[in-house]
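The sequence shown runs 735 to 890 under the working numbering. Backbone N, C-alpha and C fix where the C-beta goes; we use that ideal spot for every residue, glycine too. Since this is a predicted model, take the numbers as computed values, not measurements.
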Amino acid sequence: MRETPCKADAAAVRELVASTGYFSADETDIAVELVDETLARGDASGYRFLFADAPDGSLAGYACFGPIPATTSSFDLYWIAVSPRVQRQGLGTTLLKESESVIRRLGGTRVYIDTSGRAQYASTRAFYESAGYTVAADLADFYAPGDAKIVFCKRL
735 MRETPCKADA AAVRELVAST GYFSADETDI AVELVDETLA RGDASGYRFL
785 FADAPDGSLA GYACFGPIPA TTSSFDLYWI AVSPRVQRQG LGTTLLKESE
835 SVIRRLGGTR VYIDTSGRAQ YASTRAFYES AGYTVAADLA DFYAPGDAKI
885 VFCKRL
């Protein structure tokens with residue numbers, strides 16, 4: 735695991751996020767923008783990363799998180815994605831636990847995660863629940879008609 739992004743990570747994140755089949759082109763662009771913003775502004779961007787590199791040098795998975803502005807100790811987990819090549823091998827759990835550890839180190843006491851209510855995301859929601867997250871909000875038709883925004887929360 736490494737925390738500092740490098741220039742090559744923007745393209746690697748684009749490839750990884752797109753390969754999961756879960757995210758739209760716009761969402762993929764946003765994931766890359768967060769890497770670019772951090773490369774340009776460092777810690778002032780408000781984004782933190784964990785990168786898991788595969789032995790072949792490719793990006794196996796990553797997480798992006800940061801403090802929620804105007805709160806004293808709440809953080810958002812913006813992204814967590816694992817390459818389909820290595821899914822179901824524990825990397826997602828490792829990324830989540832390591833993110834929580836960094837958040838604690840930074841003074842965070844709560845983590846919030848937004849995800850979709852679509853059926854495709856049932857395994858994602860189950861993953862968060864198995865990690866001790868609970869549903870804090872269920873906002874109907876948030877992303878689109880029939881696509882709720884589910885907000886999970888965990889007290890660290």
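Beta-carbon proximity check, residue i vs residue j, cutoff 9 angstroms
i: residue 842; j: residue 890; result: yes
i: residue 808; j: residue 869; result: no
i: residue 865; j: residue 888; result: yes
i: residue 810; j: residue 770; result: no
i: residue 765; j: residue 757; result: yes
i: residue 819; j: residue 788; result: yes
i: residue 855; j: residue 886; result: no
Limits of the unbroken alpha helix (DSSP H) element including residue i
i: residue 808; result: From DSSP, residue 808 is part of no alpha helix (DSSP H) but of the beta strand (DSSP E) over 808-816.
i: residue 772; result: 759-775
i: residue 856; result: 856-864
i: residue 838; result: 825-839
Of the residues the options, the one placed nearest residue i, counting alpha carbons only
i: residue 816; options: 751, 835 and 831; result: 751
i: residue 794; options: 823, 767 and 775; result: 823
i: residue 798; options: 883, 735, 850 and 788; result: 735
i: residue 829; options: 738, 884 and 785; result: 785
i: residue 857; options: 874, 764 and 821; result: 821
i: residue 761; options: 819, 835, 814 and 773; result: 814
i: residue 768; options: 812, 877 and 788; result: 812
i: residue 763; options: 806, 746, 867 and 774; result: 746
Spatial distance of residue i from residue j (CA atoms)
i: residue 839; j: residue 833; result: 10 angstroms
i: residue 780; j: residue 837; result: 12 angstroms
i: residue 863; j: residue 754; result: 20 angstroms
i: residue 875; j: residue 884; result: 10 angstroms
i: residue 792; j: residue 741; result: 14 angstroms
i: residue 783; j: residue 880; result: 31 angstroms
i: residue 853; j: residue 859; result: 10 angstroms
Segment limits, beta strand (DSSP E) that includes residue i
i: residue 687; result: Because the chain in this structure spans residues 735 to 890, residue 687 falls outside the shown range and cannot be described.
i: residue 750; result: Run containing residue 750: none in the beta strand (DSSP E); it sits in the alpha helix (DSSP H), 742-753.
i: residue 845; result: 844-850
Burial state of residue i (16 or more Cβ within 10 Å)
i: residue 800; result: buried
i: residue 759; result: exposed
i: residue 903; result: Only positions 735 to 890 of the chain appear in the structure, and residue 903 is not among them; the question remains open.
Contact test: residue i Cβ vs the ligand GTP heavy atom, cutoff 8 angstroms
i: residue 755; result: The ligand GTP is not part of the structure shown, which contains no ligands of any sort.
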